[in-house]
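Novice: Before we start, here is the structure in question, set down as structure tokens.
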Amino acid sequence: MSFNYNSTGIQENEHKAKPIAPEGTYALVIEDATEGNSKKSNYPMIKLSLKIIEDAEYQGITFNHWVVFIPPTEKGANINVHFRKCIGVPYEGDVSVNADDWVGKKFKARLVIESLEGDRGFMRFNKIKVVEPYGDAFPVIDTSEVPF
Numbered sequence: 715m716s717f718n719y720n721s722t723g724i725q726e727n728e729h730k731a732k733p734i735a736p737e738g739t740y741a742l743v744i745e746d747a748t749e750g751n752s753k754k755s756n757y758p759m760i761k762l763s764l765k766i767i768e769d770a771e772y773q774g775i776t777f778n779h780w781v782v783f784i785p786p787t788e789k790g791a792n793i794n795v796h797f798r799k800c801i802g803v804p805y806e807g808d809v810s811v812n813a814d815d816w817v818g819k820k821f822k823a824r825l826v827i828e829s830l831e832g833d834r835g836f837m838r839f840n841k842i843k844v845v846e847p848y849g850d851a852f853p854v855i856d857t858s859e860v861p862f
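The numbering of the sequence shown is this note's numbering, which starts it at 715 and goes up by one.
What follows is the structure, given as structure tokens:
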């Protein structure tokens with residue numbers, strides 16, 4: 715069975731038109747970090763606005779990423795710990811997490827392209843699969859001013 719449909723004049727959903735980078739490893743910088751709670755579980759989270767840096771062709775492409783603080787007793791709790799370790803903010807023990815401290819931090823990530831069809835149409839977007847420190851090693855955190 716077939717049918718005709720005239721799509722003349724329909725504008726492409728702007729989410730689809732947003733530039734994305736091919737799959738690969740990129741250096742990223744955190745441009746904005748906003749604290750909130752996840753919709754699904756209501757756990758604390760930080761929404762990040764990330765920008766690709768140091769890539770002649772794809773520098774400047776931005777996308778969002780969310781770091782959710784899952785309780786230690788649940789699967790996936792180690793993800794936020796690894797992320798914090800890679801960006802050089804406190805990650806061990808009982809720490810105060812301040813999203814403002816994340817802005818300007820650099821790290822590397824392996825990006826993939828994912829697709830989603832929802833109420834806003836069909837979208838393709840970059841998603842982080844693996845996070846690594848920006849340099850050759852994990853950043854050293856200066857704890858000299860932290861009272862123990």
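Cβ atoms here follow ideal geometry from the backbone N, Cα and C, with glycine treated the same way.
Because the structure is a prediction, the values reported are computed rather than measured.
1. Let me check understanding here. Comparing Cα to Cα, which of PHE836, GLY738, PRO847 and GLY818 lies closest to CYS800?
2. Would you tell me roughly how many angstroms separate the C-alpha atoms of HIS779 and LEU762, rounded to the nearest one?
3. From which residue to which residue does the beta strand (DSSP E) around ILE793 run?
4. So ASP769 is in the beta strand (DSSP E); what residue range does that whole segment cover?
5. Please report how far the alpha carbon of LEU830 lies from the alpha carbon of VAL803, in whole angstroms.
6. Just mark GLY750 as buried or exposed, buried being the case when its beta carbon has 16 or more other beta carbons within 10 Å.
7. Please return the same chain residues whose Cβ sits closer than 8 Å to the Cβ of ILE766, not counting the five positions on each side in sequence.
8. Output the boundary residues of the beta strand (DSSP E) element that contains GLU745.
9. For GLU768, which residues in the same chain have their Cβ closer than 6 Å to its Cβ, ignoring the five residues on either side in sequence?
Specialist: Taking the definition as stated:
1. Taking the first residue of the sequence shown as 1, we reach residue 800 at position 86. A check of alpha carbon separations from CYS800 across PHE836, GLY738, PRO847 and GLY818 identifies PRO847 as the nearest.
2. Within the sequence shown, residue 779 is the residue found at index 65, counting from 1. Within the sequence shown, residue 762 is the residue found at index 48, counting from 1. About 5 Å.
3. As a working mapping, residue 793 is identified with position 79 in the sequence shown. Run containing ILE793: none in the beta strand (DSSP E); it sits in the alpha helix (DSSP H), 792 to 801.
4. Reading the sequence shown from its first residue, position 55 is the one you call residue 769. First-last for ASP769: undefined, no H or E at that position.
5. Counted from its first residue, the sequence shown places residue 830 at position 116. Counted from its first residue, the sequence shown places residue 803 at position 89. Their backbone Cα atoms lie some 32 Å apart in a straight line.
6. Walking along the sequence shown from the start, residue 750 turns up at place 36. GLY750 is exposed by the Cβ-count criterion.
7. As a first step, residue 766 must be located in the sequence shown, where it is residue number 52. Taking ILE766 as the centre and dropping the five residues before and after it, the same chain places the C-beta of ALA735, TYR740, ALA741, LEU742, TYR772, GLN773, GLY774, ILE775 and THR776 closer than 8 Å to its C-beta, in chain order.
8. To locate residue 745, count along the sequence shown from 1; it is residue 31. Unbroken beta strand (DSSP E) run through GLU745: 738 to 751.
9. Translated into positions along the sequence shown, residue 768 becomes position 54. Closer than 6 Å at the Cβ level, and outside the excluded window around GLU768, lie ALA741.
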